[in-house]
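In terms of my numbering, the sequence shown has 97 at position 83, counting the first letter as 1, and numbering is strictly consecutive. Yeah, the Cβ is synthetic: ideal placement off N, Cα and C, and Gly gets one too.
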Amino acid sequence: MIVTTAYWATLERLDEETQAFYPDVDVEGLVHAIMVDDYRRSLARIYGFVAPLERSLLDTHALDRLIDLRRFRKHILLEHDLQALGLKRTDVEALPQCMWVPWFDDARVALGWAYTIERSTLAHATLFRHVASSLPGEAAFAASYLKCYAGEIAERWSDFGARLDASISGPQDLENIVEAAKAGFRNFRWWRNTFDGKARSSPNEPMT
């Protein structure tokens, strides 16, 4: 797939505006997962944010005109992995989930929030190698989430950039997408802190 300059310009703007959040989402705690319990807990944390966000994305009017909605099935892969790690379906359904994820009236705003999920996939290959080294058995049957774009991460990222670019008809559209991405990252930070039992922080706190 050919990546045009326009696509990368849109992604570069998003990267620049949201880079302060990347330490929160790039490793997701998985880099420290050296025991099965660590890995299971990290996946549960990710599921608690991805599941409600993907539900909102799938329910967004006209989003399917901008992007292939099959991208937003990662929560199903997480459910599979968590069950492979010993949780029952009812256990997975009972896991806490982030309640700050909104329903979207604007498909472009939804794309901005989707950026928080899609960008995290850039680290999946590295994280999978870490899990495979520390927990080879679990990596064999409980890593479908980390392998969701296996072998085509760059192509998927380029396509996402293309979809973002095609959705923009003016400067305000880009600003709305950028602000939505920031909101998504702030909410993930709040969710991470809450899930980990740290002091609660507002999802509207200033970016640091």
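Whose C-beta lies closer than 6 Å to the C-beta of residue i among residues of the same chain, with five residues either side of it excluded?
i: GLU132; result: PHE174
i: PRO110; result: GLY62
i: LEU25; result: GLY175
i: ILE48; result: SER148
i: ARG170; result: TYR163
i: GLY198; result: TRP127 and THR130
i: LEU160; result: HIS138, LEU141 and PHE142
i: PHE155; result: ALA98
i: GLU189; result: none
i: LEU77; result: ALA121 and ALA124
Specify the secondary structure class of residue i as computed by DSSP and reduced to three states.
i: LEU80; result: coil
i: ILE60; result: helix
i: GLN111; result: coil
i: ALA146; result: helix
i: GLU68; result: helix
i: TYR36; result: helix
i: ASP29; result: helix
i: ARG206; result: helix
i: LEU99; result: coil
Cβ of residue i within 8 Å of Cβ of residue j?
i: LEU28; j: TYR163; result: no
i: LEU80; j: LEU125; result: yes
i: VAL50; j: LEU99; result: yes
i: ALA153; j: VAL145; result: yes
i: ALA194; j: VAL106; result: no
Hey, out of the options, whose CA is closest to residue i's CA?
i: HIS75; options: ASP119, HIS138, ASP210 and ARG203; result: ASP119
i: TRP117; options: SER70, ARG55 and GLU31; result: SER70
i: ARG177; options: PHE35, ARG55 and LEU83; result: LEU83
i: ARG54; options: HIS89, ILE90 and LEU101; result: LEU101
i: ASP210; options: GLU31, ALA58 and GLN33; result: ALA58
i: ALA180; options: ALA121, CYS112, LEU67 and ALA156; result: ALA121
i: PRO66; options: ASP52, LEU77, LYS88 and ASP78; result: LYS88
i: THR208; options: ASP52, TYR36, GLU68 and CYS112; result: CYS112
i: ALA157; options: LEU188, SER56, ARG206 and TYR36; result: SER56
What does the Cβ neighbour count give for residue i, buried or exposed, with the cut at 16 atoms within 10 Å?
i: ILE60; result: buried
i: ASP95; result: buried
i: TRP204; result: buried
i: THR104; result: exposed
i: PRO185; result: exposed
i: SER183; result: exposed
i: ALA108; result: exposed
i: GLU93; result: buried
i: GLU30; result: exposed
i: GLU68; result: buried
i: THR19; result: Here the model assigns THR19 a pLDDT of 43, short of 50, so the residue's position is not dependable, and the following value carries that caveat. By the 10 Å Cβ count, THR19 comes out exposed.
Under 8 Å, Cβ to Cβ, is there at least one residue of chain D near residue i?
i: LEU160; result: Within the model displayed, chain D is absent; a lone protein chain is all it includes.
Keeping to the same chain, check which residues put their C-beta closer than 8 Å to that of residue i; ignore five residues upstream and five downstream.
i: LEU72; result: LEU83 and PHE86
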